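Here the sequence shown stands for residues -22 to -1, 1 to 610, numbered as in mature numbering (1 follows the signal peptide of the UniProt record, and there is no 0). Note that beta-carbon positions come from the ideal geometry of N, C-alpha and C, so glycine has one too. Bear in mind the structure is a predicted one, so any value in this text is a computation, not a measurement.
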Amino acid sequence: MVRSHHLLGAAIATLLPACSQAFYLPGAAPKDYQRGESVNLFVNALTPMLSGHEDSKLKSLVNYDYYNPKFRFCEPKGGPKAQAESLGSILFGDRIFNSPYDIKMLENNGTCQTLCVVPEVDGEDAKFINDRIKEDYALNWLVDGLPAAEMKQDMKTGDIFFDMGFNLGDNNEELAEAPALHNHYEIVFRYHTATPGNHRVVGVLVWPSSVGGTQDSTPRCEGNNGPLLLSESQTQAVRYTYRVTWNESDTPWATRWDNYLHIFDPRIHWFSLVNSLVIVVFLCVMVSMILLRSVSRDISRYNAIDVSEDVQEDWGWKLVHGEVFRTPRYPMLLAVMVGNGAQLCAMVGVTLVFALLGFLSPSNRGSLATVMMVCWTFFGGVGGYFSSRVYASLGGIDRRKNAFLTATVLPTFIFAIVFLLNLSLLIAGSSGAVPFGTMLLIVLLWFGISAPLSAIGAYFGSKHGGIPNPVRVNQIPRQIPPTPKYLRPWAATLLSGILPFGAAFVELYFVMSSLFASRAYYAFGFLALTAGVVGLTTATVTILFTYFVLCAEEYRWHWRAFLTGGGSAFWLLAYGIFYWASRLSLDSMSSVMLYLGYLFLLALLDFLVTGTIGFLASYWAVRRLYSSIRID
């Protein structure tokens, strides 16, 4: 998977729970091959990857087309031909082409073959290739929907797994030597015989090596002259060779992805999940105690009729009953943010359902981004409806402007950022830049489907009108006493964000590695439960802080509730900076811009989702609270 512009989809994917680990639908029907039948090998874009050492860092985020002229790879006769891809596959950065490899089922066993000889690799191209080797770039091949991989062993568990992709060359940093280009590939195919005469590909392994010496057309799969070092001062030839081996396997076609889907140290995932559940139980107990003991006692006292007293003195949160539903500042902006957050929440929920059913497995390339884009488009009505009703409930009257801004502000803002990042990719010569046709298609989806649906949702929201307030609003605003420091907006935002972030930060490491370090993420069951825990934690924490704010006689709770709910986004932003310092070593300005730009989008989308959850939970709690008391 390519990690550059596709992070637009990945930014939303960070918020997503997804499917369980054990069950998935491959997304394609099995293909049977006869002996001697041609097996197509497709090439994908080159992606930077972690070298595998414990202290290794990702050195770039820019991806390159396999047939970039500077790589000087062998091309098929008639030139490379792009393969048809889905919208999600393009957004996730796939750039798939055919290749010149001649592979036939159960043939070419042990035969060393020359793919081609590149006669002249000049110093400029050699420097480009050496720089990519130093940045640990990997080749990505596809055979029958399976990625080519290297066989590795998990040092902690001892499990054997297939690590997708293989290195362009040997960096040789430890030996302080020049990088060596891999120009020979030992390709091992694992096949399973479904029925006599019908064979299926169930595994693709590649062991690359560097073979130096004379680079003529004579195939040499082993070399005694050391590795192939590209000279940056003179022109030289490069011979590419390969050898194909077929090994029979007991792995059936339905479970062929099990070797690829490897969870590193699953105990960490369980620790994260148990830690999150403990946090949620603690919060729920705390909120329940407050609501059942403090609030119930206050309500009973307020509603009690004491014949010995003519006047019943109010204190605490009841003092602001005439102010709590007063229209906040910038009600339209708040309603627009809640509407967009509700649209994203709906997209998350439906994508979660598809993921839990297994339709978004890694074998179905691009399915995750496709489902997210389609759901976001068709749930424009949800955003318009929530925005309109919240705006009406807050006392807004310019409903047409509200509907227009709900449908346009967030998509335009995201599109502008992605467009600027796309320009940086084009300047860097990356294949990861979104094609103009794809950008145009997204704009058409936005204007043609999402915006009209948002207008329809806003119409029905306006028709239903605002939610009536349980108490009247005083004509003259009440004076607000000084608020404790820990309840001031930014202090409360940061404090409240610690618990939701703490419930997910362990899982967040694996998500970040998937988004930026070309690691396939598929521990979807853990992610689904973690996302549910984060949502529940956000709601309970926001209700708790809103209650404290009202007890402090601060009735401007609307924006505080949204900020409090979205507090985890600021910790996500801080964690992204920490991840950059600890796991990334970005040298180019393009990579730095990409990382910071998409990290900001991740935090923004998380802020909208969690802020909406916090606001709606607080609005429900405040209505229940003030509906339970009797106002004289």
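Residue nearest to residue i in terms of C-alpha spacing, selected from the options
i	options	result
serine 408	Pro125, Pro8, Asp72	Asp72
leucine 486	Ala509, Ala215, Tyr464, Pro467	Ala509
valine 216	Glu164, Phe556, Leu159	Leu159
cysteine 262	Leu514, Ala394, Val352, Pro197	Leu514
tyrosine 42	Tyr11, Pro309, Cys199, Leu146	Leu146
alanine 530	Ala62, Leu473, Pro460, Gly592	Pro460
histidine 177	Pro230, Lys130, Asp376, Ala116	Pro230
glycine 589	Trp598, Lys463, Trp537, Leu577	Trp537
alanine 517	Tyr79, Ala539, His442, Leu507	Ala539
valine 99	Phe139, Met417, Gln193	Gln193
glutamate 113	Glu128, Ala156, Ile392, Leu372	Ala156
valine 166	Met83, Gly204, Arg198	Met83
leucine 334	Leu507, Thr219, Ala126	Leu507
alanine 172	Thr89, Gln12, Tyr604	Gln12
leucine 312	Gly544, Asn46, Trp549	Gly544
leucine 473	Met490, Leu541, Leu398	Leu541
isoleucine 458	Gly475, Asn86, Glu532, Phe483	Glu532
tyrosine 79	Asn237, Thr520, Val21	Val21
aspartate 103	His170, Asn46, Pro455	Asn46
phenylalanine 332	Thr520, Gly319, Ala347	Ala347
threonine 305	Ser266, Tyr576, Arg534, Ala481	Arg534
isoleucine 527	Val396, Pro413, Val489, Val298	The sequence as given places valine at residue 527; isoleucine does not occur at that position. The residue with the shortest Cα to Cα distance from valine 527 is Val298.
serine 566	Val189, Pro58, Arg110	Arg110
proline 309	Asp376, Met350, Phe260	Asp376
serine 563	Glu15, Ser34, Gly14	Ser34
glutamate 210	Ala126, Lys105, Ser560	Lys105
asparagine 149	Leu124, Ser187, Ala127	Ser187
Residue i - partner residues in DSSP beta bridges
i	result
arginine 178	His170
arginine 221	Cys90, Glu164
alanine 116	Thr25, Asn145
glutamate 155	The partner list for glutamate 155 (beta bridge, DSSP) is empty, contrary to what the question assumes.
isoleucine 138	Gln131
phenylalanine 20	Leu120
serine 187	His162
valine 216	Val96
tyrosine 42	Leu24
leucine 207	Ala158
leucine 338	Looking at the DSSP assignment, leucine 338 forms no beta bridge with any residue, so it has no partner.
glutamate 226	Tyr169
Own chain residues within Cβ distance below 7 Å of residue i, not counting five before or after
i	result
tryptophan 424	Pro389
serine 569	Ser38, Leu39, Val40
leucine 582	none
glycine 575	Ile395, Leu399
glycine 374	Pro309, Met310, Ala313, Asn380
Inter-residue CB distance, residue i and residue j (contact presumed, cutoff 8 Å)
i	j	result
leucine 19	valine 121	5 Å
asparagine 118	alanine 60	Not really, about 15 Å apart at Cβ, beyond 8 Å.
glycine 201	glycine 191	5 Å
asparagine 452	glutamate 301	6 Å
serine 546	phenylalanine 479	4 Å
leucine 403	glycine 410	5 Å
alanine 344	glycine 66	A small correction: the amino acid at residue 344 is glycine; alanine does not occupy that position in the sequence shown. Confirmed, Cβ separation roughly 3 Å.
threonine 384	alanine 436	7 Å
threonine 520	valine 600	Not really, about 11 Å apart at Cβ, beyond 8 Å.
tyrosine 17	isoleucine 107	The sequence as given places valine at residue 17; tyrosine does not occur at that position. Not really, about 28 Å apart at Cβ, beyond 8 Å.
phenylalanine 483	tyrosine 573	Not quite, the Cβ-Cβ distance comes to about 19 Å (not below 8 Å), so this is no contact.
cysteine 199	cysteine 94	Contact flag wrong, Cβ pair sits at about 15 Å.
methionine 315	leucine 577	About 20 Å; that fails the 8 Å criterion.
histidine 162	threonine 92	Contact flag wrong, Cβ pair sits at about 10 Å.
valine 222	asparagine 318	Actually they are not in contact, since the Cβ atoms of valine 222 and asparagine 318 sit about 52 Å apart, beyond 8 Å.
serine 254	valine 489	Contact doesn't hold; Cβ gap of about 14 Å is too wide.
Beta-carbon proximity list for residue i, same chain, < 8 Å, skipping 5 on both sides
i	result
isoleucine 434	Gly359, Gly362
cysteine 353	Ala324, Met325, Val328, Thr329
glycine 426	none
Near the ligand GTP: residue i beta-carbon under 6 Å from a heavy atom
i	result
asparagine 149	Here there are no bound small molecules, and the ligand GTP is not part of this structure.
Own chain partners of residue i with C-beta closer than 6 Å, once the 5 adjacent residues on each side are dropped
i	result
arginine 168	Val180, Gly181, Asn225, Ser227
tryptophan 558	none
phenylalanine 1	Here the model assigns phenylalanine 1 a pLDDT of 34, short of 50, so the residue's position is not dependable, and the following value carries that caveat. Taken in chain order, the residues that qualify are Gly336.
glutamate 287	The predicted position of glutamate 287 is uncertain, since its pLDDT is 48 and thus under 50; no value can be drawn from it.
glutamine 321	Phe357, Val360, Gly361
serine 428	Thr355, Gly358
glutamate 128	Asp141, Phe144
alanine 470	Phe523, Thr542
isoleucine 445	Ser371
Unbroken stretches of the beta strand (DSSP E), 3 residues or longer, contained in the segment 52 to 110: Correct list: 90 to 99.
Quick one: which unbroken alpha helix (DSSP H) runs of 4-plus residues sit fully inside the segment 487 to 568? Chain order, please. Within the segment 487 to 568, the runs of alpha helix (DSSP H) at least 4 residues long that lie entirely inside it are, in chain order, 502 to 529, 536 to 543, 545 to 561.
Which runs of the alpha helix (DSSP H), 4 residues or longer, sit entirely within the segment 366 to 405? For the segment 366 to 405, whole alpha helix (DSSP H) runs of length 4 or above, ordered along the chain, are 377 to 405.
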